[in-house]
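Trainee: Structure provided below as structure tokens; questions to follow.
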Amino acid sequence: MDHRSRVFASIFPVPSLSHTTPTPIATPTATPDLGYTAPGQSFGSPFNSNASGQQRAVRRNLAWSTATRFLSLPKQATGANASFDTLRPPMSAEIGEALHYLLVGEGKSEGKTEESLVDWYISEVRLHFANLVQPTLKELWKKEFELQHAWDALDETKRVLQQVQMLYLQPFNDHILPILYQDNSSSSTIRPRRPTLMVDAHGADDVSWGFRRDIHAIFAHCLPPQRFSKTLSYVLYDSGCKLFQIFVRHDGVQASVERENIRRRMTDLLQDLERVGLGGDNAQKAFAHAMDKLMDSYISSQYLRVDWFTKKSVVPHLRMWIKDAFCPFVELVMECLRCNPSDVQPTELQQWQEMALGRLGRERVDHLFFFVIHWDKSSGAILDIREYLKLAGAKQYLTSNFSQQISRRLLHPGTTTTYILNVYIFIIRAFHELEPKGVLLERVARPIRRYLKDREDTGRIIISSLLTDLDDENGSKFASGGELSYEIASEMAKPFANFSHDADEELNWGDMSWQPLPTDASPEYKKSKVEDVIWFLLTLWEREDFINELRNILGDHLLRCQDPEYQKEIRLLELIKVRLGDDKLQACEVMLRDVLDSKRINASIRASGAKLQTPDQTPLPQTPERVPRTPQLRRPTTSTPSLFPPSTPTSNPPDGPTLNAQILSSFFWPLLRDDQFLVPAQIQTLQKEYESRFERIKGMRKLRWMNALGDGTVTLEFDDRTEEFDKLTPWQVSVVYAFQPQPGEEQPGLIGRGKAKVVSTTRNVAQLEEMLQMDEQLVRQALAFWAGKSVLRETDQDTYEVIEKVSSSNADSDAAAAAQELAEVQAAAQAGAVRSQTDVLQEKKDVYMSFIFGMLTNQGNLPIPRILMMMRMMVQGGFPFGAEELKDLLKEMESEEKVVCLGGDLYGIRK
Amino acid sequence: MALSTGARSNGGSATVAQRLQKELMDIMTKPTPGVTAFPDDENMTSWTATIEGPDDTPYAKLTFKLSMEFASTYPYAAPTVLFKTPIYHPNVDFSGRICLDILKDKWSAIYNINAVLLSLQSLLGEPNNSSPLNGQAAELWDKDPAEFQRQVLARHKTPEELDAGGI
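Just so you know, the protein sequences line up as chains A and B, in that order.
If you want our numbering, it's the 1-based position in the first sequence plus 1168.
If you want our numbering, it's the 1-based position in the second sequence plus 302.
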């Protein structure tokens, strides 16, 4: 019988293979000479002659039938605890002899053809199992059962198997083994030195072991292997969970079973399973699965919570758990399963700790973005990741994963630049904690930096945030505007870092803490002073670009700044100088010096004359005309013209207006807005006076007033009220001043002074434009502003009059509200003393066009990149635009029929 | 000694570039009709200029290209100016060399590119026949204006033709 059919038969009982017949099927026909062992002849003697073969066959048959009848197993299901001996015919001498004969005597199977008694018994067991036990177990395992019942199923299986195992083993142990052992011991005592017999001695054990093995194979076969191992795995997992008090159930039911019970139940089950042969490799695999999952569950239930308060890493605790809880549990189970060795090796312990750390770390990394934006509070989690980074492959995982998070959550059009900057700062801080060398930071920050560079407002936000005062504006500015980054401002407030070790550190032989560059650093990696957040922000751009931007913003800021000491600006400049080198910042220094000098000049000019008096009002910066070397810009302060609408304008103004100027060196300042208009006559007088005094002090240097810059304070006196306005733009002052009655005009107000009826001054837009020589746009803006303040009212299309008496009518206040809104919108569009790039482009368009025209005329047809390059090279002051703007220019010239596009980006002169 | 010379010449070329850039800016912001010039590349020392023939001369409606080379001593030395477009003119030879006093001994640092180009433009209408480079042209200018005109047109090539020939 070959092995396959045996296996087959063990599961599917086939009648033709039935071994229950007492007579062996296989008759020793193959042996040519049948003989009998003569009585008294020693059993199994090597000298046994074949002549007795015939006799032996007969005798063997007899013994076989006796033995097998005795050993055969009951054919019906037995009761639970039925003892098999009761069902078996009593042991007799005859049977004993037969067994003896068949097992160790002459009747022992010879060659392949004769079946041995043990083999027969195994077949018998197999058949019995297939017929009687297997269906029950099949039934048990066939149906689905819920996880809670896994324990029961295993228990039941275990019970049944234990029972039948006992049933099978009892006759074997009682009747077969003793004979084999007896034989062993006798032969070994007689001829202990015969090696062949030594083999025999082990034979008994082998047979016993083989028998058990066969039974266990049968058992194992009857269970669906996958389901069994899954169930076992679940049971182990479940007990692990209960032991470690992981509550993974979501129904809120807490397993109240005591740990001790669980432990005992589990060990019992495992030991029993091991005894019925189910504790082998499969069980170990199932156990491995369970532990794998257990580790996951434990980590996710215990360690994923970040400790927001103590800000500590959970890693040490995790390691401790693996060592002091996880390992003992594993050892316990392995002992039950009789693994060899059942001790956990130190290397394994370490592996597990790393495994656990890896899982924890990956979980953490998946939420790294969240931790980063909650940086500081989340430092516990960051510390965890830091531990995790020591593992192999962790850095790559972190980089790729975090980059994904960034591109998904941060770098899209929906986020404001301020937010991105803030997050970037958080990233810098968090990653500095994570990896002080900055290699990772460099990697993950690269896309952010690239993205920030592309945003137009990045530079403006950074610089204006740097200039913002942290203390007083906290609440309002940062929350609402979105244009200022609190984080940058707070970085700015930090004390200066020490940059003195800027020198080449590689050559500093005395540096005892020198370390080589990290091996995973990219070629352009530079050891950066990671802690310096501002350094990162300032290096976003090329130095030149940044400084240009800085110049613009600083210029604007200086003109508006209220702090007479300019402390913040000085500090900022120092800060940037330290980082970018002071050679490039000359222009900024000059600007700063200008405003500081202006104060001094103001003071001395004021001292020299009586009329220019104290109040520090706003200055109008002026570009000096063409003073070739140090051109001095000055800014006149608009004075406070007091305005008495109906009364005579010039008659005794309370103090008379005062003027302060800022003197700017136009060469170093960015292009400033330079709208021309007439300022009130009083101011003009002051300007003249100031000018002459300035020329006296400064050796005949010329001043050019830039009336559009600066601000002013006015007091307006009406019939029924007096109001004071400050921080006005000069054109607003001019416009409202224009509502003073002119000397030439016959003012009914003059006549009616003191009387009840007063006629207000009325002006229309065109009139004002002419009077002030001001752009219509500015006039309208100023009118809207004053209307919004309930100073003027629009009586007719484009015609305004002064509201001398505030009436209670809603119309006025409604109109005022509407006008105010309009004014705000207009003001927003106009903000800034420094001209924007678009303005510059518009203004210089003609020059640029003639450049292009000249270029194309002389050099023939050129492609856009070449034109762009030449423009950048040739235009004095540079061509700060890109291909897009250039293309627009060319399009415009094309529409004017000056140039012609010759296909692609090639342009030529139109003939 | 060598060092200081080197430094000076460096400084010199920087000034030349600055000066030329300023001239370019002037030309571009205040273009003179019929005359224009532009550098060939970033180093600014060689330019291409374009002159339109003055009306009422045989060169009316013709366009001439010139090359200008500036030495590092500019503006103390005159630029080297050559006609690139073939021209039939008493004071220009067949390889484009020009005989004009301000480009030779009468050069002064107060001249600039624009001045040179304007002089050349007026030279087209008023050749200096007393010192001709092209004797035949000088003769024809006085004796046979029609033939002169014919020679001018025969010799002239448009920039496009020049480009095509160059390729």
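Every residue, glycine too, gets a C-beta built ideally from N, C-alpha and C.
Along the beta strand (DSSP E) that carries Y1968 (chain A), what are the first and last residues, could you check?
Mentor: Taking the first residue of the first sequence as position 1, residue 1968 (chain A) is located at position 800. From DSSP, the beta strand (DSSP E) with Y1968 (chain A) extends over 1967 to 1970.
Trainee: Which of the residues in the region 363 to 389 of chain B, read from start to end, lie with their CB under 8 Å from any CB of chain A?
Mentor: The residues in question are K367.
Trainee: DSSP has G2076 (chain A) in a bridge; who is on the other side?
Mentor: Stepping through the first sequence from its first residue, residue 2076 (chain A) is reached at position 908. Paired residues: A:V2068.
Trainee: What residue range is occupied by the uninterrupted beta strand (DSSP E) comprising A339 (chain B)?
Mentor: On the second sequence, residue 339 (chain B) is found 37 positions in, with the first residue counted as 1. Segment 337 to 341, the beta strand (DSSP E) holding A339 (chain B).
Trainee: Quick one: what's got a C-beta closer than 6 Å to L1404 (chain A)'s C-beta in the same chain, skipping five residues either side?
Mentor: Along the first sequence, read from residue 1 onward, the residue named residue 1404 (chain A) stands at position 236. Taken in chain order, the residues that qualify are F1455, A1458.
Trainee: Take E325 (chain B) as the anchor and find which of B:D403, B:L420, B:N414, B:Q438 has the nearest alpha-carbon.
Mentor: By 1-based counting over the second sequence, the position of residue 325 (chain B) is 23. Out of B:D403, B:L420, B:N414, B:Q438, B:N414 has the C-alpha closest to the C-alpha of E325 (chain B).
Trainee: So the candidates are A:L1400, A:F1497, A:K2012, A:I1386; which of them puts its Cα closest to the Cα of V1332 (chain A)?
Mentor: Your numbering for residue 1332 (chain A) matches position 164 in the first sequence. It is A:I1386.
Trainee: Using only alpha-carbon positions, find the residue among A:D1842, A:D1879, A:T1826 that is nearest to E1857 (chain A).
Mentor: For this step, residue 1857 (chain A) is matched to residue 689 along the first sequence. Closest by alpha carbon: A:T1826.
Trainee: So I1702 (chain A) is in the alpha helix (DSSP H); what residue range does that whole segment cover?
Mentor: As a working note, residue 1702 (chain A) is residue 534 in the first sequence. Note, I1702 (chain A): alpha helix (DSSP H), 1701 to 1706.
Trainee: With 8 Å as the threshold, decide whether the Cβ of G2028 (chain A) is near any Cβ in chain B.
Mentor: Looking up residue 2028 (chain A) in the first sequence gives position 860. Yes - at least one Cβ of chain B is within 8 Å of the one on G2028 (chain A).
Trainee: Just to confirm my understanding: we take F385 (chain B), look at its own chain, exclude 5 residues before and 5 after, and list those with CB closer than 7 Å. What are they?
Mentor: To locate residue 385 (chain B), count along the second sequence from 1; it is residue 83. So the list reads F366, L368, V394, G398, I400, once near-sequence residues are dropped.
Trainee: DSSP three-state call for H1457 (chain A): helix, strand or coil?
Mentor: To locate residue 1457 (chain A), count along the first sequence from 1; it is residue 289. Of the three classes helix, strand and coil, the one that applies to H1457 (chain A) here is helix, per DSSP.
Trainee: Hey, which unbroken runs of the alpha helix (DSSP H) at 4 residues or more fall wholly within the region 1565 to 1627 of chain A?
Mentor: Listed in chain order, the complete alpha helix (DSSP H) runs (minimum 4 residues) inside the region 1565 to 1627 of chain A are 1585 to 1602, 1607 to 1622.
Trainee: At least one CB of chain A closer than 8 Å to the CB of I400 (chain B): is that the case?
Mentor: As a position in the second sequence, residue 400 (chain B) is number 98, starting the count at 1. It does not; no Cβ of chain A falls within 8 Å.
Trainee: Count Cβ pairs between the region 1743 to 1762 of chain A and the region 1839 to 1855 of chain A that sit closer than 8 Å; are there 3 or more?
Mentor: Output reads no: the region 1839 to 1855 of chain A does not touch the region 1743 to 1762 of chain A.
Trainee: For S1178 (chain A), I'd like the list of residues in its chain whose CB is within less than 7 Å of its CB, leaving aside the five on either flank, ordered along the chain.
Mentor: Taking the first sequence and counting its residues from 1, the one referred to as residue 1178 (chain A) is at position 10. Here the set comprises R1294, A1298, I1386, H1389.
Trainee: Where does K363 (chain B) fall in DSSP's three states?
Mentor: Taking the second sequence and counting its residues from 1, the one referred to as residue 363 (chain B) is at position 61. Of the three classes helix, strand and coil, the one that applies to K363 (chain B) here is coil, per DSSP.
Trainee: Rounded C-beta distance between R1931 (chain A) and Y1968 (chain A)? I'm assuming under 8 Å.
Mentor: Residue numbering aside, residue 1931 (chain A) sits at position 763 when the first sequence is read from its first letter. Residue numbering aside, residue 1968 (chain A) sits at position 800 when the first sequence is read from its first letter. About 6 Å; that satisfies the 8 Å criterion.
Trainee: Quick check: is the beta carbon of K408 (chain B) nearer than 8 Å to any beta carbon in chain A?
Mentor: On the second sequence, position 106 is the one that residue 408 (chain B) refers to. For K408 (chain B), the answer is no, since every Cβ of chain A falls outside 8 Å of its Cβ.
Trainee: Buried or exposed, going by whether 16 or more other CB atoms sit within 10 Å of the CB of P1909 (chain A)?
Mentor: Against the first sequence, residue 1909 (chain A) aligns to sequence position 741. Buried, by the Cβ-count rule.
Trainee: What residues in its chain sit with their C-beta under 7 Å from that of R2078 (chain A), if we drop five residues either side in the sequence?
Mentor: Position 910 of the first sequence holds residue 2078 (chain A). The residues are E2065, K2066, V2067, V2068.
Trainee: If the cut-off is 8 Å on Cβ atoms, which residues from the region 318 to 342 of chain B count as contacting chain C, listed in chain order?
Mentor: The structure shown has no chain C; the protein chains it does contain are A and B.
Trainee: Looking at C-alpha atoms only, which residue of B:Q453, B:L364, B:Q323 is the closest neighbour of A337 (chain B)?
Mentor: Position 35 of the second sequence, counting from 1, holds the residue named residue 337 (chain B). Checking the sequence shown, residue 337 (chain B) turns out to be Val, not Ala. With distances taken between Cα atoms, V337 (chain B) lies closest to B:L364.
Trainee: Buried or exposed for L2070 (chain A), going by 16 or more other Cβ atoms inside 10 Å?
Mentor: Within the first sequence, numbered from 1, the residue matching residue 2070 (chain A) stands at position 902. With fewer than 16 Cβ atoms within 10 Å of its Cβ, L2070 (chain A) is classed as exposed.
Trainee: How many angstroms separate the CA atom of R1623 (chain A) from the CA atom of T1583 (chain A)?
Mentor: As a working mapping, residue 1623 (chain A) is identified with position 455 in the first sequence. As a working mapping, residue 1583 (chain A) is identified with position 415 in the first sequence. Taking the straight line joining both Cα atoms gives about 11 Å.
Trainee: The beta strand (DSSP E) with V1882 (chain A) in it runs from where to where?
Mentor: As a first step, residue 1882 (chain A) must be located in the first sequence, where it is residue number 714. Residues 1880 to 1885.
Trainee: Taking the alpha carbon of N431 (chain B) as the reference point, which residue from B:D403, B:H458, B:P335 has its own alpha carbon closest?
Mentor: Position 129 of the second sequence, counting from 1, holds the residue named residue 431 (chain B). Here the closest residue by C-alpha is B:D403.
Trainee: Can you tell me whether W1489 (chain A) is helix, strand or coil according to DSSP?
Mentor: For the purposes of this step, residue 1489 (chain A) is taken as residue 321 along the first sequence, with counting starting at 1. Helix.
Trainee: Quick check on F1477 (chain A): buried or exposed, where buried means 16 or more other Cβ atoms within 10 Å of its Cβ?
Mentor: As a working note, residue 1477 (chain A) is residue 309 in the first sequence. F1477 (chain A) should be labelled exposed.
Trainee: Could you check how far apart the C-beta atoms of L1500 (chain A) and Q1452 (chain A) are, in whole angstroms? I think they sit under 8 Å.
Mentor: Counting from 1 along the first sequence, the entry for residue 1500 (chain A) is found at position 332. Counting from 1 along the first sequence, the entry for residue 1452 (chain A) is found at position 284. With a Cβ gap of about 14 Å, L1500 (chain A) and Q1452 (chain A) do not count as contacting.
Trainee: From the beta carbon of A411 (chain B), is the nearest beta carbon of chain A less than 8 Å away?
Mentor: Numbered from its first residue, the second sequence carries residue 411 (chain B) at position 109. No, because no Cβ of chain A sits closer than 8 Å to the Cβ of A411 (chain B).
Trainee: Determine the closest residue to H1485 (chain A) out of A:R1443, A:C1495, A:Y1471, A:W1709, with distance taken between C-alpha atoms.
Mentor: Working through the first sequence from its first residue, we reach residue 1485 (chain A) at position 317. Closest by alpha carbon: A:Y1471.
Trainee: Chain B partners of G1606 (chain A), CB-CB under 9 Å?
Mentor: Here residue 1606 (chain A) refers to the residue found at position 438 of the first sequence. Result: empty, since nearest Cβ-Cβ is about 38 Å, beyond 9 Å.
Trainee: Should T2006 (chain A) be flagged as near chain B, meaning a C-beta pair shorter than 8 Å?
Mentor: Locating residue 2006 (chain A) in the first sequence gives position 838, counting from the first residue. No, T2006 (chain A) does not count as interfacial toward chain B.
Trainee: Who are the Cβ neighbours of G2072 (chain A) in its own chain at under 6 Å, not counting the five residues just before and after it?
Mentor: The sequence position of residue 2072 (chain A) within the first sequence is 904, counting from 1. Within the same chain, G2072 (chain A) has no close Cβ partners at all.
Trainee: Which residues in the same chain have their Cβ closer than 6 Å to the Cβ of L322 (chain B), if we skip the five residues on either side of it in sequence?
Mentor: Translated into positions along the second sequence, residue 322 (chain B) becomes position 20. Same-chain partners within the cutoff: M346.
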